[in-house]
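Note sheet for the following structure.
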Amino acid sequence: MEIEKEIINVFGSSCSLKNYIGDENETKVYYAKYQNKDVLLKIISKKNIENFNNLLVEINFIRYLSKFTSSQKHIYRCINFKLTQDYLYLLLEKPNGQTLASFYKNLPEMDWNLYQKIITMIMFRLLLAINYIHKKGVAHRNINPETIHIIYNDSLIEDLRLSDFAVSCGKYIALPLQENNNQTDYYYKFCNTLDLGIANPPENDNLDVLAKKIKSLSKNQTRNSIYLYFAKKADVWALGVLFWKLLNCNSFNKNPLDLEFPVDYKKNKSWQTYNGHKNKLLEGVFDIVIKFMLSDIPERGKSNEILEKLAIHYKYNE
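Here you go:
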């Protein structure tokens, strides 16, 4: 086939097609084999992309985050990347498991102790993933049940990873478009507005808070530092909303992700117990969510701080 010859020409004989999956937003998607590993191959026509540079920005974030060994625990990595005159070829780790949305949609009724175990495992793994990208200077800005993938087996969360960095922002990252060449075209991006994506931060995440933050910055810190600060805080807020829903599940007849997050959540900070069960572990976890994730920006914790509080609380109440 013509497409197979094309792939060999781009990636060499170490890459072979397995089967065609379909089209995804003007992108042809295949399962493939690359260096004896199962991968996802995306072939993107440059003519069909309205803002091609934005796509390159997303890919550069994934490439940058994939450079570190620990990335394999937190994101679906970019394996290889080639750019020709007409097409962009992208090899990604093959996604496994299911989205968090699908997982909870199909969650069977189970023992309460097992459910609380699942919640805490998801929280730990998700906070570790967010902390990883934040430490690398990147904010996700689109944390939701569809961008979180998990592998659940025998009552354990074996794997949890983030996907979709289309609206992410971060420190200036300059990566060459091709390896071993002298090309000087680099693509990088920073969030240049206060639009923090789907995270939906509360109303007080506004210019007044921004002004206070500016005063606390030293002269050598740029406006970009402020935007990254806000974007990371928005990630924490999005996590807080997600965990609030998971913790407020009081019946297996209802998907917790379908719960409506109340605008006036501050008026009622009490934890809804599952079928009347009182549990010090999850009650304390809920308290951490309210105090350090769903709080106003100055009090809202960083991902590593929340991880530490969660670990201490879990160990104390284990």
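In the working numbering, the protein residues as written are 1034 to 1351. For every residue, glycine included, the Cβ atom is placed at its ideal position computed from N, Cα and C.
When DSSP states are grouped into helix, strand and coil, residue 1194 belongs to the strand group. Residue 1120 sits away from residue 1183, with the two beta carbons spaced by 8 Å or more.
Close CB contacts of residue 1072 within its chain, under the 6 Å cut and outside five residues either way in sequence, are with 1065, 1112, 1124, 1127 (chain order). When secondary structure is reduced to three states using DSSP, residue 1272 falls in the helix class. Looking at the DSSP output, residue 1052 shares a beta bridge with 1064.
Across the structure, residue 1181 and residue 1132 are spaced so that their CA atoms are roughly 6 Å apart. For residue 1320, the enclosing alpha helix (DSSP H) has its first and last residue at 1313 to 1325. Residues of the same chain with a CB within less than 6 Å of the CB of residue 1152, apart from the 5 flanking positions on each side, are 1279 in chain order. Of the residues 1082, 1174, 1274, 1329, the one whose Cα lies closest to the Cα of residue 1319 is 1274. Under the three-state reduction of DSSP, residue 1119 is assigned to coil, being neither helix nor strand. In summary, residue 1045 is exposed, with fewer than 16 beta-carbon neighbours lying within 10 Å of its beta-carbon over all protein chains present. The alpha-carbon separation between residue 1061 and residue 1054 amounts to approximately 8 Å. Selection 1134, 1315, 1039, 1129 evaluated against residue 1289 yields 1134 as nearest (Cα-Cα). A check of alpha carbon separations from residue 1263 across 1174, 1188, 1103, 1281 identifies 1174 as the nearest. If you check the CB distance, residue 1067 and residue 1050 do not come in under 8 Å. Note that the C-beta distance between residue 1094 and residue 1171 is below 8 Å.
By the criterion of at least three beta-carbon pairs nearer than 8 Å, the segment 1098 to 1113 is in contact with the segment 1149 to 1165. A Cβ-Cβ contact shorter than 8 Å links residue 1336 with residue 1167.
Per DSSP, the continuous beta strand (DSSP E) segment holding residue 1073 begins and ends at 1070 to 1078. Judged by DSSP secondary structure, residue 1164 falls within the alpha helix (DSSP H) whose first and last residues are 1145 to 1168. Taken through DSSP and simplified to helix, strand or coil, residue 1043 comes out as helix. Using a Cβ distance threshold of 8 Å, residue 1339 and residue 1326 count as a contacting pair. The closest CA to that of residue 1317, considering only 1038, 1332, 1348, 1330, is found on 1348. About 6 Å separates the CB atoms of residue 1277 and residue 1322; that is less than 8 Å, so the two are in contact.
Between residue 1202 and residue 1137, the C-beta gap is not smaller than 8 Å, which leaves the two residues out of contact.
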